[in-house]
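Notes to accompany the following structure.
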Amino acid sequence: MTLVVKIGGSPGATTANIVCEIAKCVAQGERIVVLHGGSDLTNALSERLGHPARMVTSPGGMVSRYTDSETLHIYAMAVAGQINTELVACLQQQGINALGLAGVDGRLLLARRKSIVRSLTPEGRLQILRDDYTGQVERVNDRLLRQLLDAGYTPVIAPLALSREGERLNVDGDRAAAAVAVALQAEALVIMTNVPGLLADPGDDTTLIRNIPAERIADFAEYAQG
334 MTLVVKIGGS
344 PGATTANIVC
354 EIAKCVAQGE
364 RIVVLHGGSD
374 LTNALSERLG
384 HPARMVTSPG
394 GMVSRYTDSE
404 TLHIYAMAVA
414 GQINTELVAC
424 LQQQGINALG
434 LAGVDGRLLL
444 ARRKSIVRSL
454 TPEGRLQILR
464 DDYTGQVERV
474 NDRLLRQLLD
484 AGYTPVIAPL
494 ALSREGERLN
504 VDGDRAAAAV
514 AVALQAEALV
524 IMTNVPGLLA
534 DPGDDTTLIR
544 NIPAERIADF
554 AEYAQG
């Protein structure tokens, strides 16, 4: 059985309990691929290095990070450096032969860079931003992942993808995990987060959407904020 597990980058998501559960599953013979986030550490490093995070809001209301070249360097330090190695070390402590990777390694995650970013100013005006190093995953090197799984490794992937031009790109961790799950034809995709689930109002936990009929998935897409 193959599982893809996404561990969020927010406080409370990456816990010893989650690592222990992953270790138990691997010990029982399940093949697991782990992806993780890193937004909070990226924000903290950005502040410390004098380059505060800049968040932008799309016309559709989705909030995301504007990733200029300096932010990209900081993001790579956070996700491919500290978070990835810490998570690998935690799994190794549980006896799991974890192997840390970024999406750029072995062309693991190929993504299309966004040519422009449309965002709204605080006054509600539309503005066009360029030089943004974010992208959308288009292809997963599932052959590499299968080889690693067959060899007994548990891959741990940082969401830093490669463009076809060889650029590093910031990609959404949840969507990257979904792409990996599809490529591997995984039996399940598990997304660990510090919120109870999909919320109609992100600020109100009581608005949890418990069930979504398959035929109405598109109707609920507006509630997914990244």
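Residue numbering for the sequence shown follows this note's numbering, starting at 334 and increasing by one per position. Beta carbons: idealized from backbone N, C-alpha and C, even for Gly. Computed from a predicted structure; not experimentally measured.
Count the other CB atoms, across all protein chains shown, that sit within 10 Å of the CB of residue i; report buried if there are 16 or more and exposed otherwise.
i: residue 542; result: exposed
i: residue 459; result: exposed
i: residue 338; result: buried
i: residue 295; result: Residue 295 cannot be examined here, being either before or after the span of the chain that is shown, 334 to 559.
i: residue 370; result: buried
i: residue 492; result: buried
i: residue 464; result: exposed
i: residue 506; result: buried
i: residue 379; result: buried
i: residue 497; result: exposed
i: residue 340; result: buried
i: residue 398; result: buried
i: residue 396; result: exposed
i: residue 449; result: exposed
i: residue 411; result: buried
i: residue 422; result: exposed
i: residue 355; result: buried
i: residue 349; result: exposed
Determine, using beta carbons only, whether residue i and residue j come nearer to each other than 8 angstroms.
i: residue 360; j: residue 375; result: no
i: residue 431; j: residue 513; result: no
i: residue 451; j: residue 461; result: yes
i: residue 417; j: residue 433; result: yes
i: residue 424; j: residue 487; result: yes
i: residue 453; j: residue 400; result: no
i: residue 466; j: residue 405; result: yes
i: residue 364; j: residue 335; result: yes
i: residue 436; j: residue 509; result: yes
i: residue 468; j: residue 494; result: yes
i: residue 351; j: residue 384; result: no
i: residue 478; j: residue 366; result: yes
Would you mind reading off the limits of the beta strand (DSSP E) that contains residue i?
i: residue 339; result: 335 to 340
i: residue 506; result: Counting along the chain, residue 506 falls outside any beta strand (DSSP E), though it belongs to the alpha helix (DSSP H) covering 506 to 517.
i: residue 488; result: 487 to 491
i: residue 541; result: No beta strand (DSSP E) contains residue 541, which DSSP labels as neither H nor E.
i: residue 463; result: Counting along the chain, residue 463 falls outside any beta strand (DSSP E), and DSSP gives it neither H nor E.
i: residue 297; result: The question about residue 297 has no answer here: the residues shown for the chain are numbered 334 through 559.
Kindly indicate the opening and closing residues of the alpha helix (DSSP H) around residue i.
i: residue 478; result: 475 to 483
i: residue 351; result: 349 to 360
For the 8 angstroms Cβ check, are there 3 or more pairs between the region 435 to 452 and the region 497 to 505? With the rule of 3 Cβ pairs closer than 8 angstroms, the region 435 to 452 counts as touching the region 497 to 505.
Alpha helix (DSSP H) runs wholly inside the region 380 to 450, at least 4 long, in chain order: 402 to 409, 417 to 426
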